[in-house]
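Since the structure comes first, as structure tokens, the remarks are kept for the end.
Below you can see the structure in the form of structure tokens.
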């Protein structure tokens, strides 16, 4: 954790059992304390990874949301 200097986006599915939301929140707070540019994105009804969701729980809008967040993040740091 102490070596992180790169802007970091944390994106976690709320149903993720491998990386529980609590761990994401702790890492996010630690990065904020160290003044690392970071953002935390919670994806509703998503597991780990986002594309391994049982039928009936797939929400295309969540996938679109994920892509838009990623695109915005990379655009923010893209060298022009």
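Numbering (the numbering used here), first residue to last: 115 to 194. Here a beta-carbon is modelled for each residue, glycine too, at the ideal position from N, C-alpha and C.
Cβ distance (whole Å) where residue i is taken to contact residue j below 8 angstroms
i           : j           : result
residue 125 : residue 157 : 6 angstroms
Cβ-based burial, residue i [other Cβ within 10 Å; buried from 16]
i           : result
residue 120 : exposed
residue 186 : exposed
residue 160 : buried
Residue i CB to nearest heavy atom of the ligand SAH below 6 angstroms
i           : result
residue 133 : Ligands in the displayed structure: none, and consequently the ligand SAH is not present.
Pair within 7 angstroms by beta-carbon distance, residue i and residue j
i           : j           : result
residue 118 : residue 147 : no
residue 215 : residue 123 : Nothing in the structure corresponds to residue 215, since the chain is present only between 115 and 194.
residue 152 : residue 145 : yes
Strand pairing of residue i, partner residues [DSSP]
i           : result
residue 124 : 154
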